[in-house]
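Notes follow the structure.
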Amino acid sequence: MNRTMTRSRTAVAVLAAALAAAVASAVTVELLRRQAALARRRIGKALGEEPLAADRVWRKKYGGEPLDLLVVGDSVAAGLGADRRKDTLGARIARGVATALHRPVRLRVAAVVGSETAALAAQLDTLPDGYRPDVTVVVVGGNDVTHRVPTAVSVRHLVEALDRLHGLGSVAVVGTCPDLGALRPVPQPLRALGARASRQLAAAQAVAARAAGAHPVSLAEVVGTFFVDHPEEAFSLDRFHPSALGYRRTAQALVPSVLRALDEVDEAPPGPVPERP
Numbered sequence: 000m001n002r003t004m005t006r007s008r009t010a011v012a013v014l015a016a017a018l019a020a021a022v023a024s025a026v027t028v029e030l031l032r033r034q035a036a037l038a039r040r041r042i043g044k045a046l047g048e049e050p051l052a053a054d055r056v057w058r059k060k061y062g063g064e065p066l067d068l069l070v071v072g073d074s075v076a077a078g079l080g081a082d083r084r085k086d087t088l089g090a091r092i093a094r095g096v097a098t099a100l101h102r103p104v105r106l107r108v109a110a111v112v113g114s115e116t117a118a119l120a121a122q123l124d125t126l127p128d129g130y131r132p133d134v135t136v137v138v139v140g141g142n143d144v145t146h147r148v149p150t151a152v153s154v155r156h157l158v159e160a161l162d163r164l165h166g167l168g169s170v171a172v173v174g175t176c177p178d179l180g181a182l183r184p185v186p187q188p189l190r191a192l193g194a195r196a197s198r199q200l201a202a203a204q205a206v207a208a209r210a211a212g213a214h215p216v217s218l219a220e221v222v223g224t225f226f227v228d229h230p231e232e233a234f235s236l237d238r239f240h241p242s243a244l245g246y247r248r249t250a251q252a253l254v255p256s257v258l259r260a261l262d263e264v265d266e267a268p269p270g271p272v273p274e275r276p
């Protein structure tokens with residue numbers, strides 16, 4: 000066999016392999032597209048898009064000047080799925096912090112259902128002039144994964160939001176992207192891909208948040224197993240958003256970091272007071 004024939008056969012083999020890979024890739028993409036459509040039908044919008052309003056001063060009985068708590072992020076941050084406002088994530092955190100500090104907590108929820116990390120800037124834009132939260136809780140990332148936002152882009156928006164919060168004089172706690180592998184309505188292999196992507200984003204969020212001076216909390220690690228092992232109890236009726244119990248467990252995972260962040264502020268030496276507009 001001469002060299003020309005050998006090279007020709009090699010070229011044909013390479014082309015065949017490339018075509019096979021392209022076909023396999025196309026089949027995979029189509030499979031994932033159909034599974035995504037199936038997941039959307041299964042989940043639907045049984046809860047609507049408007050969470051319960053929980054903005055108020057919680058635990059007024061303690062008296063004194065309330066501590067200001069801001070919550071930003073996506074539908075989990077907004078508390079979609081809770082049947083009572085006291086069961087939303089923000090209210091749960093506010094009550095937990097108030098009880099620990101014996102001080103009322105004024106809650107403001109700027110989170111918007113369906114938000115990606117890029118929407119944090121718009122949420123902060125809605126804050127009234129002169130508003131200065133003592134502590135901010137950020138929970139976001141799931142929609143970045145489902146909408147295939149590049150991790151680097153998502154993290155950049157997170158850091159920009161944390162920098163703005165720091166400029167307002169607020170400490171921040173970041174609940175990193177939940178484990179999307181816990182979502183039973185999402186079929187395999189799409190669920191496995193979502194689980195891997197959500198873990199990658201959560202890890203990147205944790206590194207970036209820590210570098211920005213925030214306190215990251217890995218929700219997948221500290222509360223994710225509860226959602227995996229007890230889906231009927233942890234999720235609301237759409238099997239996608241947390242139930243009242245799911246929010247309670249999530250808040251319990253976040254409150255200790257909120258308290259640590261506030262404690263660090265109390266222990267820090269006096270610094271310049273941020274200018275008010």
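For the sequence shown, position 117 (counting from the first letter as 1) is numbered 116 according to numbering that gives the first Met the number 0, and the numbering increases by one without interruption.
In this text, a Cβ means the ideal position worked out from N, Cα and C, and glycines have one as well.
The structure displayed is predicted, hence computed values, not measured ones.
Contact between the segment 140-147 and the segment 91-106 is absent, with fewer than three C-beta pairs closer than 8 Å. As a beta-bridge residue in DSSP terms, Pro215 pairs with Val173. With a 10 Å radius around the Cβ and a threshold of 16 neighbouring Cβ atoms, Ala81 comes out buried. Here Val172 is near Val136, since their CB atoms are less than 8 Å apart. His214 places its beta carbon less than 8 Å from that of Ala260.
According to the DSSP assignment, Thr145 belongs to the alpha helix (DSSP H) that extends over 141-145. At the C-beta level, Arg198 and Gly168 stay beyond 8 Å of one another.
Judged by DSSP in its simplified three-state form, Phe226 adopts helix. Cβ atoms of Val216 and Gly174 come within 8 Å of each other, at about 5 Å. The C-alpha of Lys60 lies about 36 Å from the C-alpha of Thr116.
Taking C-beta atoms as the reference points, Asn142 and Asp73 count as a pair closer than 8 Å.
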